[in-house]
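So for the sequence shown, the working numbering puts the first residue at 16; every next one is plus one.
Here a beta-carbon is modelled for each residue, glycine too, at the ideal position from N, C-alpha and C.
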Amino acid sequence: MKAYLAVFRIRFSHTIQYRAAAAAGMVTQYAWGFMELLMFSAFYRVSPEAFPMTFQQTVNYVWIQQAFLALFMTWFWEMEIFDTITSGSIAYEMARPLDLYGRWFCQSLATRAARCVLRALPILLVAFLIPGPLRMTLPPDAGQFVLFLVSTVLALFVVVAFSMLIYISAFYTVSAVGMRVMAAVLVDFLAGGIVPLPFFPPFLRSIAELLPFAAMQNMPLRIYSGNIAGADALWGIALQVFWLVVMGLAGRRWMRRAQANVVVQGG
16 MKAYLAVFRI RFSHTIQYRA AAAAGMVTQY AWGFMELLMF SAFYRVSPEA FPMTFQQTVN
76 YVWIQQAFLA LFMTWFWEME IFDTITSGSI AYEMARPLDL YGRWFCQSLA TRAARCVLRA
136 LPILLVAFLI PGPLRMTLPP DAGQFVLFLV STVLALFVVV AFSMLIYISA FYTVSAVGMR
196 VMAAVLVDFL AGGIVPLPFF PPFLRSIAEL LPFAAMQNMP LRIYSGNIAG ADALWGIALQ
256 VFWLVVMGLA GRRWMRRAQA NVVVQGG
């Protein structure tokens, strides 16, 4: 455990140094957040009763999404992991006395956590201070906020567990670019990254809410906004735990199989 904590600490310290990149990212996220909210406000003005979420819930959803985007973005990858596999330097990684799956998992967690620390607070401050209907509000009650925190942590672990599956798939391909692009587009859509799941057609929504992607950003964002509460929130958190266990176990088993059959040429 100490070794994994050391990996996390080193990676976190390394990533948190990139403050200029974080500032540039925040500007992009401010612009994207305001664009989304202005688009939604136009639709709500026409027929507010036609939507499954209130406008305030949608505002909270969008701002929390932007503040914690570094935790949830499924289109972000640790490129050095792919390079390690494709270049053959995976041989050195396998020679180290540390479980490779656990090391990469901790590395990914640290990178996302550091990026979030740099961006979340400034974005939240602006979201709480802007005037008018675009201002973010607090959750309905303290219990809802606690559920949001629990769900956020679980969502982060689910995202990383899914990312690990994509990394491991690189053992079986000449290039992982196609897999990365397909996964990023499909998962971001089904996780509520483009449009919240309540806005999906009923049939598609009923399927999407059972998939592992709904255990990502969809769940904590809807809990914070108040769209999901009480027993439904607890059921959503249980679903997150389920998918985390399933993908974690599948990833570890697949990693062992990949390492047992890896062939490194050259030298």
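Q. By how many angstroms is the C-alpha of S190 removed from the C-alpha of F177?
A. 18 angstroms
(Q) Here's the rule: buried if 16 or more other CB atoms are within 10 angstroms of the residue's CB, otherwise exposed. What is W78? (A) buried
Q: Could you tell me whether the stretch 154-165 touches the stretch 247-262, where touching means 3 or more Cβ pairs closer than 8 angstroms?
A: yes
Q. How close, in whole Å, do the beta carbons of M68 and S240 come, if the pair is a contact with beta carbons under 8 angstroms?
A. 7 angstroms
**Q.** Inter-residue CB distance, I238 and L133 (contact presumed, cutoff 8 angstroms)
**A.** At roughly 24 angstroms, the Cβ-Cβ gap does not stay under 8 angstroms, so I238 and L133 are not in contact.
(Q) For G282 and A110, what's the separation of their Cα atoms in angstroms? (A) Unreliable placement is indicated for G282, whose pLDDT of 47 sits below 50; no coordinate value is reported for it.
Q: Express the C-alpha separation of A244 and E224 in angstroms, rounding to a whole number.
A: 15 angstroms
Q: May I have the straight-line CA-CA distance separating R24 from Y59, to the nearest angstrom?
A: 45 angstroms
Q | Of the listed residues A18, A273, E51 and P112, nearest to G208 (C-alpha basis) | A | E51
Q: Whole angstroms is fine: what's the gap from W90's alpha carbon to R118's?
A: 20 angstroms
Q.
Quick check on the burial criterion: 16 or more other C-beta atoms within 10 angstroms. Buried or exposed for F172?
A. buried
Q. By a C-beta neighbour count over all protein chains shown, 10 Å radius and 16 as the cutoff for buried, is A39 buried or exposed?
A. exposed
Q. Which term fits A233, buried or exposed, when burial requires 16 or more other beta carbons within 10 angstroms of its beta carbon?
A. The sequence given here places Asn at residue 233; Ala does not occur at that position. Answer is buried; the Cβ neighbour count reaches 16.
Q. Based on Cα-Cα distance, which residue from L113, P146, A36 and A18 lies nearest to F49?
A. P146
Q. Is G193 buried or exposed, if buried means 16 or more other CB atoms sit within 10 Å of its CB?
A. exposed
Q: Starting from the C-beta of Q71, find all residues in its chain whose C-beta is less than 7 angstroms away, skip the five residues before and the five after it, and write them out in chain order.
A: T152
Q | DSSP state of G282 mapped onto helix, strand, coil | A | In this prediction, G282 has a pLDDT of 47, which is less than 50 and means its spatial position is unreliable; what the coordinates show is noted afterwards. Note: G282 maps to coil in three-state DSSP.
**Q.** Coarse secondary structure for I181, derived from DSSP in three states
**A.** helix
Q. Taking only runs of the beta strand (DSSP E) that begin and end inside the stretch 35-99, which ones reach a length of at least 3 residues, in chain order?
A. none
Q. Using the beta-carbon count (16 or more within 10 Å), is R127 buried or exposed?
A. buried
**Q.** Of the listed residues P155, Q80 and C121, nearest to V22 (C-alpha basis)
**A.** C121
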